[in-house]
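If you're matching positions, the sequence shown starts at 1 in UniProt numbering and goes up one per residue.
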Amino acid sequence: MADRGRGGRGRTSQKAKHPHVPPAQHLPHAQAAAGSEAIRRPGEPASLPPLGTGRGTQRVGRGDSAAIAHLGRGFERLGIQSGGGGDAGGDTVAVASGRGSCRGKRILPSDIFITKPAHITNKKGETGSKIILKANYFKLVKTTDWSIQQYHVDFAPEEDRTSVRKGLLKLHKNKLGPYIFDGTLMYTCTRLSEKMVLTSMRKSDEKHITITVRRVGEIQEGDVTFIQFFNIIMRKCFDYLKLEQVGRDYYDPRSKVVLPEHKLELWPGYMTSIRQHERDILMCAAITYKVMRLDTLLDILYMHVQEDRQRHRENFTNAVIGTVVLTNYNNNTYRIEDVDFRTTPQHTFRLKTGEEITYMQYYKTKYEINIKDPKQPMLVTKSKSKDRQAASTETVYLVPELCRATGLTDSMRDNFKLMSALSAHTRLQPNKRVEKLMNFHRRLSSEPNITKELAEWNLKLDNNLFDVPGRVLPPESLMFGGNVVIKSSATATWSREMQNKRCFVAQNLRDWIIIATDRDKSSVQPFIDTLRRVSNGIGFPVDQPNIQTIRDDRPGTYSETLERILSKKIPQLVFCVVSNNRSDRYSAIKKKCCIDRPVPSQVCMFRTLTHKSIMSIATKIAIQMNCKLGGAPWHVENPLDGLMVVGFDVCHDTTAKGKDFGATVASLDRNMTKYFSAVDLHKNGEELSAYIASNICKAAKQYQALNNSLPSRIVIYRDGVGEGQVPQVKEHELVKIQGELDALYGGRDRYKMAFVIVTKRLNTRLFHNNGNPPAGAVVDDFITSPIKYDFFLVSQQVREGTITPTSYSIIHDTLTLTPDRMQRLTYKLTYMYFNCTNTVRVPAPCHYAHKLAFLVSRYLHDSPNSQLQNKLYFL
């Protein structure tokens with residue numbers, strides 16, 4: 001095993017973030033809440049926004065392409081002609097039809113955030129061999145073509161359970177006719193009275209509930225909410241399949257997989273999203289899984305009490321803050337912000353009616369639940385308000401006994417047996433995934449209620465997965481030392497082809513130190529001999545190191561030894577042999593070598609030194625060490641002069657919530673073998689960095705120092721952006737970058753720049769002959785978005801599971817590169833990650849940025865010393 005720096009993202013979905021709650025000890029008791037924070041009933045959902053606010057029901061976010069108006073007669077009725085593209089500045093924007101753009105008249109309302117640059121009319125490439133792929137999309141071959149009436153529904157007294165609200169309204173279906181109801185808003189094709197008052201009886205307590213139905217307005221075929229309405233219909237179809245909603249998604253607990261040895265359940269489920277794509281309205285269908293832990297948060301509290309009674313409060317708080325929990329009584333999910341040990345279920349809070357009631361009484365009356373431990377503390381979360389940036393937010397108290405933790409902890413992810421057990425069920429081969437998707441379609445088409453529902457709304461799905469034309473880009477050639485050129489295989493790997501090839505850039509390792517325990521010393525010298533032998537073969541001369549032995553393998557011993565050695569003289573490299581992969585030891589070594597005494601360092605486990613494949617392992621370690629000293633094993637041809645490629649990513653600190661590290665990595669030479677890196681801390685809880693602009697300018701100056709001129713072309717690959725954050729990135733981050741570069745260059749016309757948003761977490765899957773697509777497969781039409789300059793790229797070939805393509809969306813472009821050249825440049829860059837002899841999922845600078853951000857957020861928890869900024873010390 002080479003230097004530890006495993007992948008895995010230390011981040012959570014942006015959807016689940018909430019503003020930070022003040023510490024629990026400063027919160028008043030529930031019944032005395034004051035200020036801008038109001039206490040809401042436990043588990044009570046925030047009122048749903050109207051369907052035109054930009055927050056849809058099926059993972060619809062701000063700037064979401066789901067809100068594109070439906071193509072059809074409604075546009076002609078509006079009398080708006082199709083014209084040139086442009087920024088969304090007026091009431092509507094007409095996008096011209098043409099190759100790579102939208103066909104027909106397509107109206108984009110002003111609240112849709114268009115990121116396609118105005119000059120892009122054709123976003124299709126040409127290089128490569130043509131291929132027909134299948135995507136996990138079903139085409140809507142029939143769609144509703146009449147207007148929809150929208151009504152707001154109120155209940156008195158209040159009823160916060162969506163399922164009960166739906167049941168109460170359903171009693172009046174004969175009066176209402178066919179309708180769709182999401183718990184707050186009702187849609188029907190029938191024009192009802194402006195106001196209707198209905199009465200239903202709630203079975204649980206035999207109370208009479210007054211239902212008031214008020215007309216809101218009419219949704220025409222060309223309106224922004226029209227396609228979002230289709231998503232609501234699909235959610236209703238999930239109810240007919242008897243799926244359970246957890247958060248925003250639907251799961252099938254009847255098909256759950258129980259892993260009792262790990263106290264986990266695995267719930268299979270489905271995620272669907274209906275959107276307007278380039279030519280058609282398509283439904284993306286994805287197979288998903290929800291990890292449900294069998295223990296409640298009260299069980300976790302008891303566990304911490306048993307482990308350390310004196311510090312159980314601190315340990316429990318640290319363990320649960322930031323976790324997402326499921327409340328079984330309403331299947332809602334919440335992110336825990338704090339723990340209030342001063343408030344218990346015996347405390348009271350005030351209902352909207354003004355009545356005070358204890359939490360125990362509330363759950364007994366409302367859900368017929370008896371709380372067993374009246375002295376347990378309360379969990380603090382925030383309401384899922386419509387505007388999360390608003391200063392006024394509501395605090396919600398949850399009972400640990402009624403909450404189950406979801407997802408996996410870091411310790412669970414480090415449990416090889418547990419992850420293997422999960423992957424056996426979740427890592428589906430492409431043919432199995434296709435089979436499950438078709439089974440899902442058969443369930444939809446065979447359920448009579450769904451068939452009737454879709455027919456009532458004139459909707460019909462195609463019977464087959466959507467065919468997508470694509471291309472396969474040719475493999476790239478790699479240049480090694482001595483002007484040796486090899487071509488990677490069709491699978492985008494070159495481990496066999498590069499055997500006995502010399503490094504393109506090789507350093508000399510003369511002064512280096514190995515630190516190992518007395519117990520491991522005997523195996524160190526044979527490894528050194530092997531390492532020096534293979535190093536000479538790749539043109540990386542390595543001298544005999546200075547071996548330092550230590551008495552034990554405790555973290556403190558390594559740290560003390562490194563301080564003693566490095567305080568006297570800094571060698572070229574430090575090599576530490578460790579007995580296992582304990583994170584605290586690895587963290588101690590890296591903190592000393594990256595922050596306190598900056599020096600490139602290599603950490604290797606003892607069992608790696610004696611592995612049967614030691615020759616291959618030693619070669620990889622030698623390449624890695626050469627890179628950390630400033631060398632490079634290979635490069636690919638770069639046809640662009642003056643190009644600097646920048647990668648940026650964010651990871652959340654694993655020890656402090658709300659503490660994030662953003663890493664910037666930029667190439668400094670034409671061959672992209674030299675790099676500049678910087679890491680900055682930001683505490684605002686967002687994956688947006690205020691420092692990226694200044695770091696790009698620093699990188700440009702480093703480029704100038706090396707090449708005697710500033711880069712004339714800059715391409716920024718920005719990872720770590722949720723779909724809802726794209727407007728902020730474009731309106732703030734991009735503007736700030738341009739402003740600082742303008743000042744550095746003395747004018748915007750003196751440089752060209754492209755800003756590309758990289759998205760790896762997608763629901764889109766591509767298949768080829770019931771298998772994975774070949775490496776280099778690119779899709780830039782049909783399933784792309786008409787409001788984006790985007791494409792999908794499969795840059796790797798995997799053996800296990802179904803590969804996920806990477807999405808690239810160019811939100812700013814003055815490079816004047818053709819779409820074909822932009823796609824080929826992106827693919828070339830996936831060959832330039834020096835840690836492995838195959839392509840990676842994203843361009844190398846972006847992958848380096850993730851590697852650095854992960855190292856800092858997981859092990860360093862502080863910015864590295866700037867003396868290392870021109871080396872790939874984080875490999």
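Yeah, the Cβ is synthetic: ideal placement off N, Cα and C, and Gly gets one too.
Note that the structure is a prediction, hence the values are computed from the model and not measured.
Report the partner residues of residue 285 according to the DSSP bridge assignment.
Bridge partners of residue 285: 272.
Residue 378 lies in the beta strand (DSSP E); which residues open and close that run?
378–382
Taking Cβ positions only, does residue 810 come closer than 8 Å to chain C?
Among the protein chains of the structure shown there is no chain C, as only one such chain exists.
With 16 other CB atoms within 10 Å as the buried threshold, where does residue 499 fall?
exposed
Cβ of residue 561 within 8 Å of Cβ of residue 548?
yes
What number of angstroms, rounded off, separates the C-alpha of residue 518 from the C-alpha of residue 263?
40 Å
Let me check understanding here. Comparing Cα to Cα, which of 698, 742, 757 and 749 lies closest to residue 722?
757
Would you identify the three-state DSSP class for residue 700, choosing helix, strand or coil?
Of the three classes helix, strand and coil, the one that applies to residue 700 here is helix, per DSSP.
Is there contact between the stretch 655–672 and the stretch 727–742, where contact requires at least three CB pairs shorter than 8 Å?
no
So residue 450 and residue 444 are supposed to be a Cβ contact under 8 Å. How far apart are they, rounded?
5 Å
Under the DSSP definition of a beta bridge, which residues are partnered with residue 546?
According to DSSP, which records beta bridges pairwise, residue 546 is partnered with 513.
Taking 8 Å as the threshold (C-beta atoms), are residue 298 and residue 373 in contact?
yes
Quick check on DSSP: helix, strand or coil for residue 800?
If DSSP states are grouped into helix, strand and coil, residue 800 belongs with coil.
With H, G and I counted as helix, E and B as strand and the rest as coil, what does DSSP make of residue 836?
coil
Could you tell me how far apart the beta carbons of residue 406 and residue 324 are, in whole angstroms, since I believe they sit closer than 8 Å?
5 Å
Please specify which runs of the beta strand (DSSP E), each continuous and at least 3 residues long, are wholly inside the stretch 453–484, giving them in chain order.
466–472 and 477–480
Helix, strand or coil for residue 734 per DSSP?
helix
Residues in its own chain within less than 8 Å of residue 825 by CB, not counting five upstream and five downstream?
640, 715 and 817
Need the endpoints of the alpha helix (DSSP H) that residue 615 sits in, please.
614–628
First and last residue of the beta strand (DSSP E) that includes residue 676?
675–682
Where DSSP assigns a beta bridge to residue 212, which residues make up the other side?
154 and 197
Give the DSSP bridge partners of residue 338, in chain order.
380
What's the call for residue 706, buried or exposed, on a 16-neighbour Cβ count within 10 Å?
exposed
What first and last residue would you give for the beta strand (DSSP E) that runs through residue 239?
Run containing residue 239: none in the beta strand (DSSP E); it sits in the alpha helix (DSSP H), 226–240.
Specify, as a first and last residue, the run of the alpha helix (DSSP H) that residue 670 falls within.
Where residue 670 is concerned, there is no enclosing alpha helix (DSSP H), given that its DSSP letter is neither H nor E.
Tell me whether residue 327 sits in a helix, a strand or coil according to DSSP, three-state version.
Annotated three-state conformation of residue 327 is strand, per DSSP.
Restricting to Cα atoms, I'd like to know which of 607, 399, 702 and 634 is closest to residue 502.
With distances taken between Cα atoms, residue 502 lies closest to 634.
Just to confirm my understanding: we take residue 865, look at its own chain, exclude 5 residues before and 5 after, and list those with CB closer than 7 Å. What are they?
Short of 7 Å from the beta carbon of residue 865, and not among the five residues preceding or following it, lie these beta carbons of its own chain, in chain order: 594, 595 and 598.
To the nearest angstrom, how far is it from the Cα of residue 611 to the Cα of residue 713?
Using only the alpha carbons, I get a separation of about 45 Å.
Can you tell me whether residue 507 is buried or exposed, with buried defined as 16 or more other CB within 10 angstroms of its CB?
buried
Can you grab the Cα-Cα spacing for the pair residue 168 / residue 461, in whole Å?
30 Å
Within 10 angstroms of its Cβ, does residue 146 collect 16 or more other Cβ (buried), or is it exposed?
It is exposed - the Cβ of residue 146 has fewer than 16 other Cβ atoms within 10 Å.
What does DSSP give as the partner residues of residue 333 in its beta bridges?
Residue pairing by DSSP places residue 333 opposite 326 in a beta bridge.
Considering only C-alpha positions, which residue in the set 402, 787 and 771 is nearest to residue 800?
771
Just reading off the alpha helix (DSSP H) that residue 262 is part of, what are its end residues?
Counting along the chain, residue 262 falls outside any alpha helix (DSSP H), and DSSP gives it neither H nor E.
Excluding the 5 residues flanking residue 924 on each side, which residues of the same chain have their C-beta closer than 8 Å to its C-beta?
The displayed coordinates of the chain run from 1 to 875. Any statement about residue 924 would go beyond what the structure contains.
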